[in-house]
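Participant: 52 is the number that the working numbering gives to position 19 of the sequence shown; each next residue is one higher, with no gaps. We put the beta carbon where it would ideally sit given N, CA and C, even for glycine. Treat the numbers as computed from the prediction; the structure is a model and nothing was measured.
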Amino acid sequence: MSYKDEWLVIEANDDIDETEHREPSEELLFYRAVANGEVDTVRKNCEQGRFMDTDGVGVLSKDPVTNLKYHFVVTTAMVTRMCRQYGMELEQAFRMSDFYIQKLDDIHSVEEIKHLHDEMVMDYAEKMRRYHHNNTNSKHINACKEYIYSHIKERITIEDLADVLGVSASYLSRLFKKETGISVSAYIRNRKIDMAKNLLRFGNDSMIEIANRLAFSSQSHFIQQFREVVGMTPKKYRDTYYMVEWNAEPARSRRAAKPAPEQTD
């Protein structure tokens, strides 16, 4: 018997889950709150444990943990698409979604799933709050930023961006500076440095590995650019802010294995 035929039999016998599914308006309001960057509203929802309220949401699995995992995937997918519609860069939105859903592989309790859910929605909400606060850009500049995010590990030139957008390099350069207040090259550099800071803080890659990963011309060039933007060398930044886990203590008190020492500042 096919699944379709099996469903017809179950439906005819009324042998189905008796849960009355609630209207999706509450969930949609929550997704919109995340996409609007309403951090306080999202935090309140998490504190109230609304994600754990299974009344009217249907049963996707008879196993409680698996059931909640399925609901987590649904929530993540909806939040991702809503944030994308409200302006989040496409690659950022879906890479975040992949990251959080993959974390389910290491989770085996209802409490852990709730914690992951709360971190996920707060992460999206905080990013969307910053986006709405900072974004006053035109369609061209938003597309430009999205391309930069998607290709941050490559060498990106103003000519590359102009070709993608179908405009002249000089026009794009003027427009970008007018709308953002900085040059295209400075923006690219700042985004690369932001990613380098994350690699230094949460990873164990050496300076040369980070420089190569982010397409700096050399290790010395990476160190020079990092110092100009951050005000300290990459080594000093790692020594100050390195964390073994996302919620671990700073480097001065870490107890786990340290990253390999660098030979140069």
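Could you say if the region 133-144 and the region 166-180 meet the contact criterion of at least three C-beta pairs nearer than 8 angstroms?
Facilitator: Verdict: no, contact absent.
Participant: Distance, Cα to Cα, Y275 vs K268?
Facilitator: So the alpha carbons of these two residues sit roughly 10 angstroms apart.
Participant: At 4 residues or longer, what runs of the alpha helix (DSSP H) sit wholly inside the region 132-210?
Facilitator: 143-167, 172-183 and 191-198, all fully within the region 132-210.
Participant: Can you name, in chain order, every residue of its own chain whose Cβ lies under 7 angstroms from the Cβ of I65, other than the five neighbours on each side?
Facilitator: The question names Ile, yet the displayed sequence has Arg at residue 65. Taken in chain order, the residues that qualify are M115.
Participant: Roughly how many whole angstroms lie between the Cα atoms of R234 and R83?
Facilitator: Near 33 angstroms, if we compare the C-alpha coordinates of R83 and R234.
Participant: Based on Cα-Cα distance, which residue from R188, S35 and Q125 lies nearest to Y157?
Facilitator: Checked all of R188, S35 and Q125; the closest Cα to Y157 is Q125.
Participant: Which value, in whole angstroms, describes the spacing of the CA atoms of Y103 and R222?
Facilitator: Cα to Cα, the separation comes out at about 39 angstroms.
Participant: What's the gap between the Cα of S94 and the Cα of L101?
Facilitator: Taking the straight line from one Cα to the other gives about 8 angstroms.
Participant: So, are the CB atoms of Q118 and A68 less than 8 angstroms apart?
Facilitator: A contact, by the Cβ cut-off of 8 angstroms.
Participant: Looking at C-alpha atoms only, which residue of L123, L247 and A110 is the closest neighbour of I189?
Facilitator: Ranking L123, L247 and A110 by Cα distance to I189 puts L247 first.
Participant: Are the beta-carbon atoms belonging to L194 and L205 less than 8 angstroms from one another?
Facilitator: The answer is yes: Cβ separation under 8 angstroms.
Participant: From what residue to what residue does the alpha helix (DSSP H) around M228 run?
Facilitator: Counting along the chain, the alpha helix (DSSP H) containing M228 begins and ends at V217 to F235.
Participant: Between I226 and Q252, how many whole angstroms is the CB-CB distance? I'm expecting something under 8 angstroms.
Facilitator: No, I226 and Q252 are not in contact; Cβ-Cβ is about 14 angstroms, not under 8 angstroms.
Participant: Rank I174, V154 and E212 by C-alpha distance to the C-alpha of A110 and give the top, closest one.
Facilitator: Comparing Cα-Cα distances from A110 to each of I174, V154 and E212, the minimum goes to V154.
Participant: Out of M121, L123, D96 and Y133, state which residue places its alpha-carbon closest to the alpha-carbon of V107.
Facilitator: Nearest option by C-alpha distance: Y133.
Participant: For H254, count the other beta carbons within 10 Å of its own beta carbon; 16 or more makes it buried, fewer makes it exposed. Which is it?
Facilitator: Exposed, because fewer than 16 other Cβ atoms sit within 10 Å of the Cβ of H254.
Participant: Thinking C-beta only, is M121 closer than 8 angstroms to I185?
Facilitator: No, the pair does not count as a contact, with Cβ atoms beyond the cut-off.
Participant: Are the CB atoms of H148 and F105 nearer to each other than 8 angstroms?
Facilitator: No; because the gap between Cβ atoms is not below 8 angstroms, this pair is not in contact.
Participant: Which runs of the beta strand (DSSP E) at least 3 residues long sit entirely within the region 237-270? Give them in chain order.
Facilitator: Those beta strand (DSSP E) runs which fall completely within the region 237-270 and span 3+ residues do not exist here.
Participant: Going by other Cβ atoms of all chains shown within 10 Å of its Cβ, with 16 needed for buried, is E261 buried or exposed?
Facilitator: Classification for E261: exposed.
Participant: Consult DSSP for M111 and reduce its assignment to one of helix, strand or coil.
Facilitator: Helix at M111.
Participant: Out of curiosity, what's the CA-to-CA distance linking E179 and M85?
Facilitator: C-alpha separation (whole angstroms): 35 angstroms.
Participant: Among the residues of its own chain, which have a CB less than 7 angstroms from the CB of V112, if the five just before and after it don't count?
Facilitator: Cβ within range, chain order: Y64, V67, V154 and Y157.
Participant: If distances are taken between C-alpha atoms only, which option among T213, M129, I174 and K77 comes closest to M200?
Facilitator: Sequence inspection shows Val at residue 200; the Met mentioned does not correspond to that position. Minimum Cα distance to V200 is reached at I174.
Participant: Under 6 angstroms Cβ to Cβ from I243, same chain only, skipping five residues before and after it: list those, please.
Facilitator: Cβ neighbours of I243 beyond the five flanking positions: A229 and L232.
Participant: May I have the straight-line CA-CA distance separating A202 from K77, to the nearest angstrom?
Facilitator: Whole-angstrom Cα-Cα distance: 46 angstroms.
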